Amino acid sequence: MDPSIRKIAFTLNGQKVSAQVESHINLVDLLRRFNLDGARESCGQGLCGCCTVLVDGVAVSGCLTLAQLVDGKSLTTVEGLDASGALSVVQQAFIDEGAFQCGFCTPGFVLMTHQLLETNADPDEHEIRDYLAGNLCRCAAYPEIIRAVKTAGDRMRAIST
Amino acid sequence: MKHHDIMPAGQVGRSVPRLEGRQKVTGRAAYTHNLVLPGMLHAKVFRSTIPHGRILSIDTSAAAAVEGVHRVVTGEDLRAIVAEPYFGPAFHDQPALALDKVRHIGEPVAVVLAEDPYIAAEAARLIVATYEELDAVFDEVEAMTSSAIVHDVLKPAGTFPDLKHLVGKRDTNIALDYQLRRGDVDAAFASADHVYEHEFKSQQVMHTPLEPMVSLAAPDGDGLLIHTASQSPSFVRIEIARLLGWPENRVRVKVPYLGGGFGAKLYIKLEALVAILALMVKRPVKLSLTMEEQFFTITKHACTFRIKSAVSSEGRVTGRRCEVYWNGGAYADIGPRVTQKSGFTAPGPYDIENVSIDSYALYTNRPPAGALRGFGIPQLVWAYESHSDMIARDLGLDPVEFRRKNILREGRPHATGTLMHDAEIEGVLEKIAERMNWSAPFDRGEGHIKRGRGIAIAFKASISPTTSVAIVTIAADGCASLAISTVDMGQASDTAMAQILAEVLGLATEDIKVIHPDTDVTPYDMATLGSRSTFHMGHAVRLAGEHARRQLDELAVSLGYAPGAAYAPRDLFKKKYGMQAGNIVGVGSYIPDYTSPAPKTGLSDNITPFWMIGGTGVEIEIDTQTGAIKVLKLINAADLGLPLNPKIVETQLSGAALMQYGFTLFENMLFDEGQLTNGSLADYKIPGLNDIPPVIENHIVDARQTTGPFGAKGVGESATFGVSPAIANAIHDAVGVRLTELPLTPESIFNALRAAKSQAGKA
Amino acid sequence: MRNFDIVHPSSWAEALGLLSGGDEGTRAFSGGTALMLMMKSGFYAPTRLIHLGALEARCSFIEATADGGLLIGAAATLSSVEASPVVQRSAPVIAQAMKKLANVRVRNVARVGGALAHGDPHMDLPPILAALGGEVLLCGPDGERTCPVESFYTGYLETRLSQGELITGVRLPPQAGWRSAYVKCTTRAADDWPTVGVAVSLRVVSGAIADARIMVGAATERLTRLTSAEAALRLGAPDAATFARAADAAAQEAVTVDSASGSAGYKTELLRVYVRRTLAEALLNGAVQ
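Residue numbers (our numbering), protein chains in the order written: chain G, 4 to 164; chain E, 3 to 765; chain L, 3 to 291.
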């Protein structure tokens, strides 16, 4: 058997799954095999954030992550956020604030915003900019993205109090 | 916003959220990027490593021997399917793969097909080509007279009458020479109180859409199905049909959402290659470029602009000569259109009696240049609005006041002779001056931090004449579908067009289904470019809706309703067909009036169906020790007629301005003897969240396009126009140095400060 | 970048054994961001990758040493260093610098060991650790050794890491009494590789600078210690005039290089400004207790 191919098992948006994986493929390639298109390889260098995936609850660049390394881990992709059928607070805030244009980068921004608000429930503009600076939006919906993060934070805090 | 009050209290003028919002925030929106077809092969391109040369040999044997490689194809192989595989919108000059010659580093020379993209990439690295190197030319001004000739013979496409005189021309790099002559510019210079002459340069930059260019072709019966991330599905169909010698209806082109376009995905790019490959191997073939490969595929023109003005002592511009040199790179793409369509606005939105314009499209051995959000306008504005400030300051005039004295006002003739209508140049200027608090004292900073402010205003004509067609289908339950070939690449055309149709039919925007471009289903549209869709397709959709409405009214009357009586469409169908059955189809087709410019003078009494007006004001801060620049405030204003969707319009304004902001401050394709040295986002930086100014304002100036659908016109580019010169003018205001070359980097500011200091030391 | 295997050793000894073949195609990695970039660009085609993931549990420690110094395991992520209370207390300059060092996703996976091993002069962490007097901890077939961070880099992407050797961590001496700062200057987008990175550490005793370390990254071909600038500081008053003398010495001394982000000449001028500013910031930051 080819030693570069391994069977890995992991949790994908709450479901236990497994796959035969070649050593060279990355996490975005792997997700494509499960028909998940939300993480997308764009710059290919971890700089644009279009390929953001949460691995064990931590955001990583899917294009720089070898797929075999997620063996035993738990992955959340943008498709996992509305598993209940309802949009997440962050997703709804992005719609309400018009925080995207072409939408290609949006899943990455949405996932990073979830991460930010998990660690910092009420970020100021400076903190929002710093945290999301590793995600690029060529349509430059940046002012709207900042507003969406604030709106999402406000709504999440309102729910939790 | 007061001006919305005159809108019907309905669908148009309402800030409807984007129809596709839910799909986009959940990651489920469809892009060609993600598309997979059964049996599909992945293509990987092997590219030229020299800027100019004759191909001596291409050794594909090692690549072909890699396990998993299906086939390796060179340009000569393509001739089995298409004898002359040259494409292009203005010139048929670009081969799907290099034939005989290569003309820029990064040009496609061969392609590997494999089922696994990693195998294709690995094999492509094993291809070896040898060349006889030829002299190369990289600079647009040198290309005018260089002995290095990029194309042996000019091959204009023949679709444009103003290119006919170029057919068969040899030994030239000039792909188009456009000229305009109005009045007597030499006499104006001879009698002027002051004459000013300056030269400005813009650098080559790239669109970097985050969805990299991608096309997929599949044999489909006796035809071809092309899925492509394109802004111009109708053109792709026509051009592929031409290459294959087929009728249009054998080529089907489908376009889902685009992950950004900005002009990169216009006309025809990868489609010719995948179409020929799919026919060759009788399987679907997908070509997905990497971010790096995009830099070799299409760029924005570098440009040199020499501008000379005659000015009276009161500050009136009486004559202006413009010489513009556009660096089109190795293939014309749409460069000749840029040269002409932008060329005639080179003197700026000013009322000048005597004008002379020469605008040249040049071939060079750089990656090809095409349209990028503004179609050449930002390069022109960069020059003429920097020039405006230089004149004003020399004359001791306030820059806003100088513009007030010279702007083109309602009813006055533009340089072409076309009378200005519905062009709020004054409104844009005054809005910016007001929001900048221009007449109030200004804090100029202290110590090594100096503050300054600047403005710039500009205009753009629409690309003419162009056609849009729309088809509306009313189903028997009264709901409506809209079939259009406008591509939604983020500008929210789906939403805007649905708003127009909903307004006409009395439906809710959210209930309209917009069918995405599929040339088997959606009718012709020239392309999604140049801010033309709102006006042209907007009219077509309005006409289609009115056509459908009329038929419904007639049906109602035929079924016994009193003329003008209210009815529910579903009741009409039920009554007519006895069940839920039938359709009403409305068709709308729109092409505006237009007069081509006269060949010798460039004059026309109707040069454009509408004018886009945009302007920018900035406040900045310079660190004089390092040259670092911070933009503190960015104010955008535009005349876009009445906004169909104010919120989306504002996003368009700030998005356009921020894109040009990157082109102004740091984006720059760097070359070493034709070799791009920074072709990735690691070294070609685009604006991120920490780059954008803390204060951004977007203003929709009170205006109405009387000829537009519901008073509207295009907006996607308007806020790009003024950004670069506004910032350069603010730099001068802050620290007294004038930069004439983009980008305005800290190093260039630092060097200018140092040069000024040593100059002052000598004096 | 195909047909390689990924192995997962469960001990240092096993990892070292796997590396001992001396094969260029074998490399160890943990976060893998830099390695992935090299593989994607075709710059490196491995035959075997040794993933140090299983060692992470015992090698991601961040702890105070008995003498008041700091010990950071090679597998500690940059995010964990940023969040560590121990780091914030005993070397706050590191925690502060992290936010500007790379994006959140990279910081989540990139490890201290990888950041040290990569050898790209644009990395921000090496100048900071060098200015703090840090030592790289190494283990190899011949046992363990240490190497000062400041002399770990021998050229562009070249380090003193031998074939078959691994970085296990970094050790910092006690920082009590030292004032430190790192300033990253970018000249294109705000978030970019530095054009110049300056790290300084100084000790002020009775109103005079008793000791100083000044490191420059990015502007030079490799991480460089600016000893003549340090000499210009020594025994001087910590004031603008002294800092300006050190800045001029730094500009004189450093051999800057041209790149897409600026010419060598401009980088020298930036260095002059940023040495001054970084010293002033260090002074302002106050001494570590």
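Just so it is clear, CB atoms sit at the ideal spot from N, CA and C, and this is done for glycine as well. Owing to the predicted nature of the structure, the values given are computational and were not obtained by experimental measurement.
Cβ-based burial, residue i [other Cβ within 10 Å; buried from 16]
{"i": "E:Lys302", "result": "buried"}
{"i": "E:Tyr133", "result": "buried"}
{"i": "G:Asp5", "result": "exposed"}
{"i": "G:Ile162", "result": "exposed"}
{"i": "G:Gln18", "result": "exposed"}
{"i": "L:Gln165", "result": "exposed"}
{"i": "E:Lys687", "result": "buried"}
{"i": "E:Lys4", "result": "Unreliable positioning characterises E:Lys4 in this predicted model, as indicated by a pLDDT of 32, which lies under 50. A coordinate reading is not provided."}
{"i": "G:Leu57", "result": "buried"}
{"i": "G:Val93", "result": "buried"}
{"i": "L:Gly267", "result": "exposed"}
{"i": "L:Leu168", "result": "buried"}
{"i": "G:Asn123", "result": "exposed"}
{"i": "E:Ile8", "result": "With a pLDDT of only 36 at E:Ile8, under the threshold of 50, the placement of this residue in the model should not be trusted; the figure read from the coordinates follows. Result: exposed."}
{"i": "E:Pro443", "result": "exposed"}
{"i": "L:Phe45", "result": "exposed"}
{"i": "E:Gly350", "result": "buried"}
{"i": "E:Asn251", "result": "exposed"}
{"i": "E:Asn356", "result": "buried"}
CB contact flag (residue i, residue j, <8 Å)
{"i": "G:Leu39", "j": "G:Thr80", "result": "yes"}
{"i": "E:Gly376", "j": "E:Glu749", "result": "no"}
{"i": "E:Val143", "j": "E:Tyr327", "result": "yes"}
{"i": "E:Ala125", "j": "E:Val276", "result": "no"}
{"i": "L:Cys141", "j": "L:Arg162", "result": "no"}
{"i": "E:Ser591", "j": "E:Gly532", "result": "no"}
{"i": "E:Ile309", "j": "E:His200", "result": "yes"}
{"i": "L:Met38", "j": "G:Leu67", "result": "yes"}
{"i": "E:Gly617", "j": "E:Leu374", "result": "no"}
{"i": "G:Ala70", "j": "G:Val20", "result": "no"}
{"i": "E:Glu652", "j": "E:Leu634", "result": "no"}
{"i": "L:Gly116", "j": "L:Gly33", "result": "yes"}
{"i": "E:Ser59", "j": "E:Ala131", "result": "yes"}
{"i": "G:Val30", "j": "G:Val61", "result": "Sequence inspection shows Leu at residue 30 of chain G; the Val mentioned does not correspond to that position. Cβ atoms of G:Leu30 and G:Val61: not closer than 8 Å."}
Presumed contact (8 Å Cβ cut-off) between residue i and residue j, rounded CB distance
{"i": "E:Pro91", "j": "E:Leu99", "result": "Not confirmed; about 19 Å, so no contact."}
{"i": "E:Leu771", "j": "E:Pro338", "result": "Outside the displayed range of chain E (3 to 765) lies residue 771 of chain E, so it cannot be described from this structure."}
Any non-hydrogen atom of the ligand MN within 7 Å of residue i CB
{"i": "E:Glu134", "result": "Ligands in the displayed structure: none, and consequently the ligand MN is not present."}
### Message
Below 8 Å, how does it come out for the stretch 494 to 503 of chain E and the stretch 538 to 552 of chain E: are there three or more Cβ pairs, yes or no?
### Response
At 8 Å Cβ cutoff, the stretches touch.
### Query
Quick check: the stretch 214 to 225 of chain E against the stretch 278 to 297 of chain E, are there 3 or more CB pairs under 8 Å?
yes
### Task
Evaluate the contact criterion for the stretch 483 to 492 of chain E versus the stretch 416 to 423 of chain E: three or more CB pairs, one atom per stretch, below 8 Å.
no
### Message
At 4 residues or longer, what runs of the alpha helix (DSSP H) sit wholly inside the stretch 472 to 540 of chain E?
### Response
495 to 507
### Task
Just list the alpha helix (DSSP H) runs in the stretch 120 to 184 of chain L, keeping only unbroken ones of 4 residues or longer that don't cross its boundaries, in chain order.
127 to 133
### Query
Counting Cβ pairs closer than 8 Å, one from the stretch 345 to 356 of chain E and one from the stretch 620 to 630 of chain E, do we hit at least three?
no
### Task
At 3 residues or longer, and completely inside the stretch 126 to 169 of chain E: list those beta strand (DSSP E) runs for me, N to C.
130 to 135
### Task
Count the CB pairs spanning the stretch 731 to 749 of chain E and the stretch 14 to 32 of chain L that are closer than 8 Å, and state whether there are at least three.
no
#### Entry: Sufficient close CB pairs (3 or more, under 8 Å) joining the stretch 479 to 486 of chain E to the stretch 510 to 530 of chain E
yes
### Task
Give a yes or no on contact between the stretch 123 to 141 of chain G and the stretch 43 to 54 of chain G, applying the rule of three or more CB pairs nearer than 8 Å.
Three or more pairs of CB atoms, one per stretch, sit closer than 8 Å, so the stretch 123 to 141 of chain G contacts the stretch 43 to 54 of chain G.
### Message
Closer than 8 Å is the cut-off here; do at least three beta carbon pairs connect the stretch 97 to 109 of chain G with the stretch 82 to 89 of chain G?
### Response
no
### Task
Give, in chain order, every unbroken run of the alpha helix (DSSP H) that is at least 4 residues long and sits entirely within the stretch 633 to 693 of chain E.
648 to 667
### Message
Would the stretch 170 to 177 of chain E count as touching the stretch 201 to 216 of chain E if we require 3 or more Cβ pairs under 8 Å?
### Response
Between the stretch 170 to 177 of chain E and the stretch 201 to 216 of chain E there are fewer than three inter-stretch CB-CB distances shorter than 8 Å, so the stretches are not counted as touching.
### Message
Would the stretch 394 to 404 of chain E count as touching the stretch 465 to 480 of chain E if we require 3 or more Cβ pairs under 8 Å?
### Response
no
### Task
Identify every run of the alpha helix (DSSP H) within the stretch 31 to 110 of chain G, keeping only runs that are complete inside it and at least 4 residues long; order them along the chain.
Entirely contained in the stretch 31 to 110 of chain G, the alpha helix (DSSP H) runs reaching 4 residues are, in chain order, 92 to 99.
### Message
Restricting to runs no shorter than 4 residues, where is the alpha helix (DSSP H) found entirely within the stretch 59 to 119 of chain E?
### Response
Qualifying alpha helix (DSSP H) stretches, in chain order: 63 to 67, 77 to 80.
### Query
So, do the stretch 228 to 238 of chain L and the stretch 195 to 213 of chain L have three or more beta carbon pairs nearer to each other than 8 Å?
yes
### Task
Note down, one range per segment and in chain order, each alpha helix (DSSP H) of at least 4 residues found wholly within the stretch 279 to 303 of chain E.
293 to 296
### Message
I want to know whether the stretch 78 to 93 of chain L touches the stretch 48 to 67 of chain L - three or more CB-CB distances under 8 Å.
### Response
yes
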